[in-house]
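Trainee: Structure in structure tokens, see below.
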Amino acid sequence: MIKHVTFFIKGIICFLALFFWASAIQAANPATINVTVTIQNLSVSATGPIAFGVVVTSSVTVSTDSSHVINDGNVTETYWLDLTDPAGWTAVQAAPGSEEYCLSAQFNSDQPLSGDFTYADHALSTTSTACSATKFAGDQTGLSVAVSGARYLWFKFEAPTSTAVTTQQTIVVTITAAAG
Amino acid sequence: MKIRLNRIYAVFLSFLVFATHGVVEAGGLSTQLGEVVIENLQIGQTYNLKQLANLRLIVTNTSDYGVDLRMDILLPDSTELRHGAKPVPDTSWIKLSQNLFKLRANEKASSDIIISIPDGDQYLGEKYQVTIWSHTLGGGEGSGMFLAYGLKTRMIFTTDTVRATQSDIFTSSDASVNFTLKPEEIFLKNVELGKLYDVEKNTGLVLKINNPSEREQTFKLQSLTVDNSVATLTKEYQDAPDASYLKFSENRFVLPPKGTKTIKMYLRFPPGKEYSGKKYMFVIHAFAVDQKVTTGVYSRLYASIK
Numbered sequence: 014m015i016k017h018v019t020f021f022i023k024g025i026i027c028f029l030a031l032f033f034w035a036s037a038i039q040a041a042n043p044a045t046i047n048v049t050v051t052i053q054n055l056s057v058s059a060t061g062p063i064a065f066g067v068v069v070t071s072s073v074t075v076s077t078d079s080s081h082v083i084n085d086g087n088v089t090e091t092y093w094l095d096l097t098d099p100a101g102w103t104a105v106q107a108a109p110g111s112e113e114y115c116l117s118a119q120f121n122s123d124q125p126l127s128g129d130f131t132y133a134d135h136a137l138s139t140t141s142t143a144c145s146a147t148k149f150a151g152d153q154t155g156l157s158v159a160v161s162g163a164r165y166l167w168f169k170f171e172a173p174t175s176t177a178v179t180t181q182q183t184i185v186v187t188i189t190a191a192a193g
Numbered sequence: 064m065k066i067r068l069n070r071i072y073a074v075f076l077s078f079l080v081f082a083t084h085g086v087v088e089a090g091g092l093s094t095q096l097g098e099v100v101i102e103n104l105q106i107g108q109t110y111n112l113k114q115l116a117n118l119r120l121i122v123t124n125t126s127d128y129g130v131d132l133r134m135d136i137l138l139p140d141s142t143e144l145r146h147g148a149k150p151v152p153d154t155s156w157i158k159l160s161q162n163l164f165k166l167r168a169n170e171k172a173s174s175d176i177i178i179s180i181p182d183g184d185q186y187l188g189e190k191y192q193v194t195i196w197s198h199t200l201g202g203g204e205g206s207g208m209f210l211a212y213g214l215k216t217r218m219i220f221t222t223d224t225v226r227a228t229q230s231d232i233f234t235s236s237d238a239s240v241n242f243t244l245k246p247e248e249i250f251l252k253n254v255e256l257g258k259l260y261d262v263e264k265n266t267g268l269v270l271k272i273n274n275p276s277e278r279e280q281t282f283k284l285q286s287l288t289v290d291n292s293v294a295t296l297t298k299e300y301q302d303a304p305d306a307s308y309l310k311f312s313e314n315r316f317v318l319p320p321k322g323t324k325t326i327k328m329y330l331r332f333p334p335g336k337e338y339s340g341k342k343y344m345f346v347i348h349a350f351a352v353d354q355k356v357t358t359g360v361y362s363r364l365y366a367s368i369k
């Protein structure tokens with residue numbers, strides 16, 4: 014009997030505690046809205062376009078000029094790279110076939126050799142991909158670039174093995190900067 | 064014969080695919096909004112950040128030439144999430160007043176950011192993140208490989224844990240986050256333990272707070288640990304062990320319209336082997352207090368201990 018009364022009283026106490034807690038929550042004042050700009054100046058600049066000169070089907074060309082990419086903001090930045098396919102051609106991250114091409118990018122102080130590019134680390138795609146210690150890296154990286162930091166971005170173009178495209182093509186590579 | 068000619072024609076054209084016009088130009092973008100954190104929004108409400116805190120997304124075309132600029136709302140991937148935030152459940156929660164622009168060299172694009180939070184208890188006390196990707200659309204005269212430029216603005220917002228009564232709900236204020244704190248990053252090297260490090264004396268750097276508005280504003284300045292802020296710890300640095308190690312020549316001051324204030328910084332780490340050789344990050348928070356909305360900006364101070 015005493016056991017049942019104790020259990021009942023405990024139950025009442027729990028119910029009351031829950032009730033007052035819930036009431037307190039409902040009656041609480043809303044918190045002040047805070048708006049904080051935690052990173053104030055994000056900026057990137059680069060030189061272009063990149064000339065490949067004359068290319069033929071099935072050829073492999075490393076650009077003879079690089080794009081000079083500069084963090085001209087006031088915070089450390091990491092770059093993201095992606096490309097936009099031209100009509101009729103599709104970017105692949107492997108050896109290209111008919112109507113396919115592979116465009117690779119690498120941050121390096123001097124012109125890299127063709128063999129310095131790998132599909133896994135350097136091939137661009139239509140998905141924006143963050144630079145890392147290995148991704149798009151040569152002897153420089155696009156990871157955590159300090160304020161005023163300059164990088165040289167080189168490209169390698171692997172042409173389609175064959176193409177029915179009979180007009181000149183444009184590929185756009187986007188360099189995006191994010192804080193961090 | 065006809066087939067042979069067509070083949071020759073195709074090969075000839077493929078030669079031209081990557082011939083560009085050859086003029087190298089500098090292009091780029093910049094914004095004053097790299098990351099913004101908005102805390103304690105009410106569920107079931109719509110907030111235009113311009114009306115709430117005089118905050119707009121402004122992007123400058125720093126290129127030597129005109130560009131087409133687009134702003135897109137993106138869900139961040141898992142590597143981009145900060146401070147335990149989740150991706151916003153639906154990008155339709157975020158709207159921009161304008162997202163397509165034609166900009167001449169050095170021209171600015173400006174857009175309102177509007178956040179609409181559905182009314183549902185499941186959204187109480189949550190932290191969400193979204194990315195606004197401002198990017199040029201590339202292309203140019205001729206053919207070849209062209210560069211386009213982009214900036215990712217991180218926007219993180221939290222919802223209040225409670226519903227406000229109708230009389231407590233507001234979506235606009237006189238508050239303005241339109242002020243600057245510079246420099247945004249300060250790096251100190253060889254800080255000696257147990258000695259006062261006068262930042263100006265050692266590096267020539269002082270904090271400058273600028274009030275570009277047309278009204279007088281009262282500002283406060285405080286040092287924060289990363290843990291007590293809404294900033295993200297920078298790689299290779301540890302959180303400051305104690306925010307009070309960093310002090311300022313003034314902590315509260317009034318700035319007239321268009322006024323600028325210069326503040327000195329002093330750092331003193333106590334003697335202690337545990338700090339030796341380590342790298343610490345402090346957050347410097349300048350903020351203006353309004354009755355309804357607090358607006359602030361951050362700078363970061365990095366101290367490498369001798």
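Going down the list, the protein sequences come from chains Z and Y.
Just so you know, the first sequence maps onto residues 14 to 193 in my numbering.
Just so you know, the second sequence maps onto residues 64 to 369 in my numbering.
Glycine included, every Cβ here is placed at the ideal spot set by N, Cα and C.
Below 6 Å CB to CB, which residues in the same chain sit around L284(Y) once its five sequence neighbours on both sides are set aside?
Mentor: Cβ neighbours of L284(Y) beyond the five flanking positions: F311, N314 and A349.
Trainee: Between the beta-carbon of S56(Z) and the beta-carbon of D85(Z), is there less than 7 Å?
Mentor: Cβ atoms of S56(Z) and D85(Z): closer than 7 Å.
Trainee: So what's S155(Y) in DSSP terms, helix, strand or just coil?
Mentor: Helix.
Trainee: Run through chain Z and tell me which residues come within less than 8 Å of P246(Y), C-beta to C-beta.
Mentor: Neighbours of P246(Y) on chain Z, chain order: N87.
Trainee: What number of angstroms, rounded off, separates the C-alpha of V193(Y) from the C-alpha of A163(Z)?
Mentor: Each residue's Cα considered, the two are about 28 Å apart.
Trainee: Have a look at the DSSP bridge pairing and note the partners of W93(Z).
Mentor: Looking at the DSSP assignment, W93(Z) forms a beta bridge with A143(Z) and T189(Z).
Trainee: Answer with buried or exposed for S372(Y), where buried requires no fewer than 16 other C-beta atoms within 10 angstroms of its C-beta.
Mentor: Beyond the ends of chain Y as shown, which are 64 and 369, falls residue 372(Y); an answer cannot be given.
Trainee: Using only the alpha-carbon positions, how far apart do L244(Y) and V75(Z) sit?
Mentor: Cα to Cα, the separation comes out at about 44 Å.
Trainee: Quick check on D140(Y): does DSSP put it in helix, strand or coil?
Mentor: D140(Y) falls in the coil class under three-state DSSP.
Trainee: Secondary structure at A107(Z), three-state DSSP: helix, strand or coil?
Mentor: Coil.
Trainee: How long is the line joining the alpha carbons of A211(Y) and L120(Y), rounded to whole angstroms?
Mentor: Spanning the two alpha carbons is a distance of roughly 19 Å.
Trainee: Taking the beta carbon of V87(Y) as the centre, do at least 16 other beta carbons fall within 10 Å, making it buried, or is it exposed?
Mentor: Exposed: under 16 other Cβ atoms inside 10 Å.
Trainee: Three-state secondary structure (DSSP) at G162(Z)?
Mentor: Here G162(Z) sits in coil by DSSP.
Trainee: Between K169(Z), T174(Z), A64(Z) and G151(Z), which lies nearest to D123(Z) when the distance is taken from Cα to Cα?
Mentor: Checked all of K169(Z), T174(Z), A64(Z) and G151(Z); the closest Cα to D123(Z) is G151(Z).
Trainee: Distance check for L251(Y) and G359(Y), CA to CA, integer angstroms please.
Mentor: Computed Cα separation, rounded: 24 Å.
Trainee: Please list, in chain order, the residues of the segment 85 to 109 of chain Z that have any C-beta partner in chain B closer than 8 Å.
Mentor: Among the protein chains in the structure shown, which are Z and Y, there is no chain B.
Trainee: Looking at the structure shown, is G322(Y) part of a helix, part of a strand, or coil, going by DSSP?
Mentor: In the structure shown, G322(Y) sits in coil (DSSP, three-state: anything other than H, G, I, E or B).
Trainee: So what does E171(Z) bridge to, in DSSP terms?
Mentor: Its beta-bridge partners are V73(Z) and C115(Z).
Trainee: Looking at C-alpha atoms only, which residue of V317(Y), A172(Y), G90(Y) and M134(Y) is the closest neighbour of K158(Y)?
Mentor: Of V317(Y), A172(Y), G90(Y) and M134(Y), the residue nearest in Cα terms is M134(Y).
Trainee: Can you pull the chain Y neighbours of S58(Z), defined as C-beta to C-beta under 7 Å?
Mentor: Here the neighbours are A89, G90, G91 and T125.
Trainee: With a Cβ-Cβ cutoff of 7 Å, do Y343(Y) and A366(Y) count as a contact?
Mentor: Contact: yes.
Trainee: Answer yes or no: do V247(Y) and N54(Z) have a C-beta to C-beta separation smaller than 7 Å?
Mentor: Per the sequence shown, residue 247(Y) should be read as Glu rather than Val. Against a cut-off of 7 Å, the Cβ pair of N54(Z) and E247(Y) comes out as a contact.
Trainee: Look up T266(Y) in the DSSP assignment and say whether it is helix, strand or coil.
Mentor: DSSP places T266(Y) in helix when its eight states are reduced to three.
Trainee: Within its chain, find whatever has a CB closer than 7 Å to the CB of G155(Z); leave out the 5 residues flanking it on each side and keep chain order.
Mentor: Answer for G155(Z): T91, Y92, F120, C144, F149 and R164, listed in chain order.
Trainee: Run down chain Y in chain order and give the residues with a C-beta less than 7 Å from the C-beta of S157(Z).
Mentor: Result: K298.
Trainee: Of all the beta strand (DSSP E) runs that stay within the bounds of the segment 230 to 261 of chain Y, which reach a length of 3 or more residues?
Mentor: Counting only runs of 3 or more, we get 243 to 245, 248 to 254 and 259 to 261.
Trainee: Please confirm whether N265(Y) has its beta-carbon closer than 7 Å to some beta-carbon of chain Z.
Mentor: No, N265(Y) does not count as interfacial toward chain Z.
Trainee: How far does the beta strand (DSSP E) with K327(Y) in it extend, from its first residue to its last?
Mentor: It is not in any beta strand (DSSP E) - K327(Y) carries neither H nor E in the DSSP assignment.
Trainee: Helix, strand or coil for T179(Z) per DSSP?
Mentor: Note: T179(Z) maps to coil in three-state DSSP.
Trainee: Hey, would you say A303(Y) sits closer than 7 Å to T288(Y), going by beta carbons?
Mentor: Contact: yes.
Trainee: Going by CA-CA distance only, name the one from E255(Y), I249(Y) and E143(Y) that's closest to V346(Y).
Mentor: Of the candidates E255(Y), I249(Y) and E143(Y), the one whose C-alpha sits nearest the C-alpha of V346(Y) is I249(Y).
Trainee: Against chain Y, with Cβ distances strictly below 7 Å, would T49(Z) count as a contact?
Mentor: Yes, its Cβ sits closer than 7 Å to a Cβ of chain Y.
Trainee: Under three-state DSSP, which class holds L126(Z)?
Mentor: Note: L126(Z) maps to coil in three-state DSSP.
Trainee: With which residues is L214(Y) paired in a DSSP beta bridge?
Mentor: According to DSSP, which records beta bridges pairwise, L214(Y) is partnered with A190(Z) and S197(Y).
Trainee: What does Q124(Z) reach in chain Y if we use C-beta pairs closer than 9 Å?
Mentor: None at all; the shortest Cβ gap to chain Y is about 16 Å.
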